[in-house]
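Here the structure comes first, spelled out in structure tokens, and everything after it is commentary.
There are 4 protein chains.
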Amino acid sequence: MKKITIQIHCKDQSGIIASVTSFIANKSGNIVYIDQHVDREQNIFFMRLESEFNSFSIDTFKTEFITVLASKFKMKWRIYDAKDKPKMAIFVSKYDHCLYDILSRYNSGELHCEIPFIVSNHQDLEYIAQNFNIPFYHIPVSKSTKQDAENKQLDLLNSHNIDFIVLARYMQIVSRKLIDQFQNKIINIHHSFLPAFVGAKPYHSALKRGVKIIGATSHYITEELDAGPIIEQDVARVTHTHSIDDLITKGRDLEKIVLATAIKHHINRKVMVYNNKTIIFY
Amino acid sequence: MKKITIQIHCKDQSGIIASVTSFIANKSGNIVYIDQHVDREQNIFFMRLESEFNSFSIDTFKTEFITVLASKFKMKWRIYDAKDKPKMAIFVSKYDHCLYDILSRYNSGELHCEIPFIVSNHQDLEYIAQNFNIPFYHIPVSKSTKQDAENKQLDLLNSHNIDFIVLARYMQIVSRKLIDQFQNKIINIHHSFLPAFVGAKPYHSALKRGVKIIGATSHYITEELDAGPIIEQDVARVTHTHSIDDLITKGRDLEKIVLATAIKHHINRKVMVYNNKTIIFY
Amino acid sequence: MKKITIQIHCKDQSGIIASVTSFIANKSGNIVYIDQHVDREQNIFFMRLESEFNSFSIDTFKTEFITVLASKFKMKWRIYDAKDKPKMAIFVSKYDHCLYDILSRYNSGELHCEIPFIVSNHQDLEYIAQNFNIPFYHIPVSKSTKQDAENKQLDLLNSHNIDFIVLARYMQIVSRKLIDQFQNKIINIHHSFLPAFVGAKPYHSALKRGVKIIGATSHYITEELDAGPIIEQDVARVTHTHSIDDLITKGRDLEKIVLATAIKHHINRKVMVYNNKTIIFY
Amino acid sequence: MKKITIQIHCKDQSGIIASVTSFIANKSGNIVYIDQHVDREQNIFFMRLESEFNSFSIDTFKTEFITVLASKFKMKWRIYDAKDKPKMAIFVSKYDHCLYDILSRYNSGELHCEIPFIVSNHQDLEYIAQNFNIPFYHIPVSKSTKQDAENKQLDLLNSHNIDFIVLARYMQIVSRKLIDQFQNKIINIHHSFLPAFVGAKPYHSALKRGVKIIGATSHYITEELDAGPIIEQDVARVTHTHSIDDLITKGRDLEKIVLATAIKHHINRKVMVYNNKTIIFY
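Top to bottom, those sequences are chains A, B, C and D.
The first sequence begins at 1 in UniProt numbering and counts up by one.
The second sequence begins at 1 in UniProt numbering and counts up by one.
The third sequence begins at 1 in UniProt numbering and counts up by one.
The fourth sequence begins at 1 in UniProt numbering and counts up by one.
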């Protein structure tokens, strides 16, 4: 039994759903999940579909899919083999809470991915990588070595065929070259409910403004700081009694859960991105 | 332009989605919403679909739907004309918060329904009905008049072609006859997160147990007390400082929102019921 | 039995709590609530205390309080008689959901205040005021009449000895004169989780940014737009399926609850304001 | 500088707060935190207080505290030296998520306690204990060895002067002897919002009942199963699309956060227990 996931988007038109589902039916596929969304403002149709087949060649399927459907409706599409595990690289600095959380989920089988390596600009968390038996590369970043460090990162990413990157509280600005190569494939966790408190030290800003709710936001990295497509957000209540340390501690729990949720959506091919916004098919 | 909503459930089989969507496409319908769910334990397929047509006869459509689809797949189905407003009767006793909330939503156009009348076993809330210009029937209920009261209620419901009933903190047990006639069509609000604290005085029980979270649950009435299919639940945090009055006050806000949400799901034909559980297609 | 509420703030020093509580004990008062907070950054001590007395003159109490405590510790303080109901004026424009919510809570005894009148720049909601038997004043506001309208508002507020003002979705900028006279006494509801989406049309901005959470914020009005001390915030989850109308509808429920909570905190003298932030003693 | 935490409860009487705070002031203590609560139904007064002293003997303090205050008001009390770290034993079986979470918090300095050892009836999680350099004792439990296992557990607990025990998804019923010795000192995590779904397999029961919200509850163990004083609860939304595996996965995040919160409250001496309920002074 072969299972695939299909993501489609195109201009909204009549008959797309019928055409796609009939195409699957003609290939004796059984649709086990279908969801669609129409963005009425922009007139764009989005669809996500999971289907099972008894005998199946993914190459033949793709060829016919292009001929019969994609060309006709001018679709942008992706077809994933459900057994393929995406390769995820983790970038960290010195904070360990997100890393521990990701690795313990990975260990317990919650994340359907491979983790070929962890990269850091510091050596502080190397022992955690060792505990979980994952290769750790220390690539220091300073003003003078920035260019060099980026090239080392890119070499590692390319030589391991990395599919997407998770910045698990990586305290460096990612280079334009990386962003270009991994468009909508670099997941960041920002410790505020964006668009509030963009940039550095959001918990300090939250304390200063006297908010009653703090948050965390996971988003894809784009060139504009903290302005990429939002994948997941969550919040927690705070009061006047919370000090900056309390906010940071409470925030850690938010960051862990929000980042893990975003990673899972990405791994399970639930996310589509259009016009700097995400469509997430649960 | 005609818009319809279709709800289907049947044994899970290959090709249902393709068959249904092709059927719609053949009638030149444009599917604007589709969602499906498969209950893997029970092997049941559920589907909800909204479709628009330029020219359309609902009777012809139904006839062909039965011939081409329903018989073949042994479907249970409902087809609703989107412009039809369901007729909702409201039952109340003495608490006014849910009634005020429903009527002010109704007034502001949030509820796509008609409210032919309000029934109560007390006269306390008659003035609210008058303020909102909705007929109010006072049907007292006592041990000796119970039978008689039920008949009066049924007469009212039938003579107004009521589609569904909302018990907006109606403090009486509803009769078996009513439940039989309005299966999965009587929406109740219970002031606890069911199945905790079934029956009377749930806030008192919550206080006694020392829970840190209280809740409210909206469900369809079945013969077993507080055991019908759950439509919506919500919760709020409480602490040791909350007295019984505080719980009741906090709970009122939960009850209002939870009941209103359940009513909207029902009105918008988003709810399907199977095996004492709801499938809610958002 | 007389009950009073005391709010105090001053520079943090040793012995304040012992001095205050002994002072109460010497007057045979029974403390039924005490809470305090120290802002360590600014070194300010805050305290809220409720106390009951058998025989009591509030004037004598205040005089001795000043002599014995306030002068010694250089306190800012307020002493409220618990039976005094603050007088609340409501300003509205055309949206009715917050008004309905406030008035139905008022009707059911949830708000310990008086509502001498409702003011609006439109006549649309006059009928609601009439239903609840509350005087309604229509004061139109246009560019040319702005000055005049403000004077009429101030006359009304002063002639009724209004203690605080609630802007229940009042769609006008409040004048500087009003803000000066009612410092930390004008409660607004803004339909975003501030500081995100300051200004007009926050739901439209939220939709455009693709946030996964929307919010509402109640705050005291200061001269800087949407930048006053935050009293209460709450949020709700949204997804890509929510249209602008869905956000507005979902937001209404947030606005109602958040504004009502802020009003209750204010009425129950639970709020202290310092340095553009609130301390709220639950 | 010496810092202590005092917990008091006694029959509610006039003058307690003044007497306690004056006592502290007389010893030149600076109160940095005070909170109190009166249970009006049972007429019991509760208080928690943190105070700092320049020079201080805890033994002298306790002696005078008893003479001057505790005897007079018939108080039950506890006085903790803030620098004392309570000793926490962790009991686990095979689930690793709570253990990883606790140990990574411990590692990052979030938990002010010592962890002398981890006990398990299985060897599966020994490697995690080793990664974190914490002694691990494998004490198998079977019907025939139950008595023996309990004695081994008690020996370990007593020889290490353990203050409290955390059952981090320990899948065994704890013996009466242990409960007697560690009253209100054994913290359990139950994977439902108690009192709903007491006992085994609560996620399965939740799925069967069709709830829209699942929860987790941390409570002190008493002899009655899942009926001890609740310390913390939290919930998460679910829908008809969630399978039993989804509930279990979602629940893991709840369990981790709820248990960690309860542990922190306990460690920070924020919890008092009376009549099977907790008072938690935040």
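Glycine included, every Cβ here is placed at the ideal spot set by N, Cα and C.
Fill in: Reduced DSSP secondary structure (H/G/I, E/B, other) of G15 of chain A
G15 of chain A carries a coil assignment under DSSP once its states are collapsed to helix, strand and coil.
Practice prompt. State the start and end residues of the unbroken beta strand (DSSP E) segment that holds A236 of chain C.
Written response: A236 of chain C -> beta strand (DSSP E) spans I230 to R237.
Worksheet item: What runs of the beta strand (DSSP E), each 3 residues or longer, lie entirely inside the region 12 to 66 of chain B?
Response: With a minimum length of 3 residues, the continuous beta strand (DSSP E) runs that stay inside the region 12 to 66 of chain B are 30 to 39 and 44 to 53.
Discussion item. Between A82 of chain D and chain G, is any beta-carbon pair separated by less than 7 Å?
Written reply: Of the protein chains in this structure, namely A, B, C and D, none is chain G.
Discussion item. Taking a contact to mean a Cβ-Cβ separation below 7 Å, would you say residue 283 of chain A touches Q7 of chain A in this structure?
Written reply: Outside the displayed span of chain A (1 to 282) sits residue 283 of chain A, for which this structure offers no information.
Practice prompt. Report yes if the CB atom of N133 of chain C is closer than 7 Å to the CB atom of N131 of chain B, and no otherwise.
Written response: No, the Cβ-Cβ distance between N133 of chain C and N131 of chain B is not below 7 Å.
Worksheet item: For the region 249 to 274 of chain B, which residues have a CB atom closer than 7 Å to at least one CB atom of chain C, in sequence order?
Response: Listed by position along the chain: T249, D253 and I257.
Worksheet entry | Contacting positions in the UniProt domain "ACT" (5 to 81) of chain A - beta carbon closer than 9 Å to chain C | Here the close residues are H37, D39, R40, E41 and F46.
Worksheet item: Where K212 of chain A and D234 of chain C are concerned, what is the direct C-alpha to C-alpha distance, given to the nearest angstrom?
Response: Distance from the CA atom of K212 of chain A to the CA atom of D234 of chain C, rounded to whole angstroms, is 8 Å.
Fill in: Cβ-Cβ separation, I4 of chain D to A82 of chain D (assumed contact under 8 Å), whole Å
Yes, they are in contact, since the Cβ atoms of A82 of chain D and I4 of chain D sit about 6 Å apart, within 8 Å.
Fill in: Neighbouring residues, chain B, relative to N131 of chain C (Cβ below 7 Å)
The contacting residues are N131.
Discussion item. According to DSSP, is C10 of chain B part of a helix, a strand, or is it coil?
Written reply: Note: C10 of chain B maps to strand in three-state DSSP.
Discussion item. Excluding the 5 residues flanking P229 of chain D on each side, which residues of the same chain have their C-beta closer than 8 Å to its C-beta?
Written reply: Listed in chain order, the non-local C-beta contacts of P229 of chain D below 8 Å within the same chain comprise N184, H219, Y220, T222, V273, N276, K277 and T278, local neighbours out to five positions each way being set aside.
Item to complete: Measure the beta-carbon distance from V166 of chain B to S120 of chain B and round it to whole angstroms, keeping in mind my assumption that it falls under 8 Å.
Response: Contact flag wrong, Cβ pair sits at about 13 Å.
Practice prompt. Would you mind reading off the limits of the alpha helix (DSSP H) that contains residue 322 of chain A?
Written response: This structure cannot settle anything about residue 322 of chain A, because the visible part of chain A is limited to 1 through 282.
Worksheet item: Does S192 of chain D come within less than 7 Å of chain A when only Cβ atoms are used?
Response: Output row for S192 of chain D: interface = no.
Worksheet entry | Amino acids of chain C, ordered along the chain, whose beta-carbon sits closer than 7 Å to that of K212 of chain A | Taking a Cβ-Cβ threshold of 7 Å, the residues of chain C close to K212 of chain A are I230, E232 and Q233, in chain order.
Worksheet item: What are the start and end residues of the beta strand (DSSP E) that includes A70 of chain B?
Response: Per DSSP, A70 of chain B belongs to no beta strand (DSSP E) and is neither H nor E.
Worksheet item: Leaving out five residues before and five after H122 of chain A in sequence, what residues of the same chain have Cβ atoms less than 7 Å from its Cβ?
Response: Cβ within range, chain order: S93 and K94.
Worksheet item: What are the partner residues of Y220 of chain C, as DSSP defines its beta bridges?
Response: C:I187.
Practice prompt. Using the Cα positions of R252 of chain C and Q153 of chain C, report the straight-line distance between them to the nearest angstrom.
Written response: Straight-line Cα distance between these residues: approximately 27 Å.
Discussion item. Here's the rule: buried if 16 or more other CB atoms are within 10 angstroms of the residue's CB, otherwise exposed. What is M1 of chain A?
Written reply: Counting Cβ neighbours within 10 Å, M1 of chain A comes out exposed, since fewer than 16 surround it.
Worksheet item: Under 7 Å Cβ-Cβ, which residues of chain D neighbour H97 of chain A?
Response: Correct list: S104 and S108.
Worksheet item: DSSP state of S120 of chain B, grouped into three classes?
Response: Reduced to three states, the DSSP call for S120 of chain B is strand.
Worksheet item: Can you list, in chain order, the residues of its chain whose CB lies under 6 Å from that of C113 of chain B, leaving out five sequence neighbours each side?
Response: When the five nearest sequence neighbours on each side are left out, the beta carbons in the same chain lying within less than 6 Å of the beta carbon of C113 of chain B are those of K85, P86, M88 and I267, in order along the chain.
Worksheet item: Using the beta-carbon of each residue, which ones in chain B are nearer than 9 Å to Y282 of chain C?
Response: Taking a Cβ-Cβ threshold of 9 Å, the residues of chain B close to Y282 of chain C are T239 and T241, in chain order.
Worksheet entry | H240 of chain A and H37 of chain C closer than 7 Å at C-beta | In contact: H240 of chain A and H37 of chain C (Cβ atoms closer than 7 Å).
Discussion item. Taking 7 Å as the threshold (beta carbon to beta carbon), is Y170 of chain D in contact with chain A?
Written reply: No, its Cβ sits nowhere closer than 7 Å to a Cβ of chain A.
Discussion item. Report the CB separation of L259 of chain A from C98 of chain A in whole angstroms; it is logged as a contact under 8 Å.
Written reply: Rounded to the nearest angstrom, the Cβ distance from L259 of chain A to C98 of chain A is 5 Å, consistent with a contact under 8 Å.
Discussion item. Tell me the rounded alpha-carbon separation between Y137 of chain A and N188 of chain A.
Written reply: Approximately 19 Å, taken between the alpha carbons.
Practice prompt. Output the distance between the C-alpha atoms of F61 of chain C and V271 of chain C, rounded to the nearest integer angstrom.
Written response: F61 of chain C and V271 of chain C: Cα-Cα distance of roughly 22 Å.
Worksheet item: Taking only runs of the beta strand (DSSP E) that begin and end inside the region 82 to 128 of chain C, which ones reach a length of at least 3 residues, in chain order?
Response: Taken in chain order, the unbroken stretches of beta strand (DSSP E) that lie wholly in the region 82 to 128 of chain C and span 3 residues or more are 87 to 92 and 114 to 120.
Item to complete: May I ask you to list the residues that DSSP assigns as paired with T278 of chain B?
Response: Note: T278 of chain B sits in a beta bridge opposite B:V273.
Practice prompt. Kindly indicate which residue of D:V20, D:D59 and D:N30 has the alpha-carbon position closest to the one of F45 of chain D.
Written response: Ranking D:V20, D:D59 and D:N30 by Cα distance to F45 of chain D puts D:V20 first.
Discussion item. Here's the rule: buried if 16 or more other CB atoms are within 10 angstroms of the residue's CB, otherwise exposed. What is I162 of chain C?
Written reply: I162 of chain C should be labelled buried.
Worksheet item: If you compare alpha carbons, which of A:D180, A:N151, A:Q181 and A:A200 is closest to Y170 of chain A?
Response: When C-alpha distances from Y170 of chain A are compared across A:D180, A:N151, A:Q181 and A:A200, the shortest belongs to A:A200.
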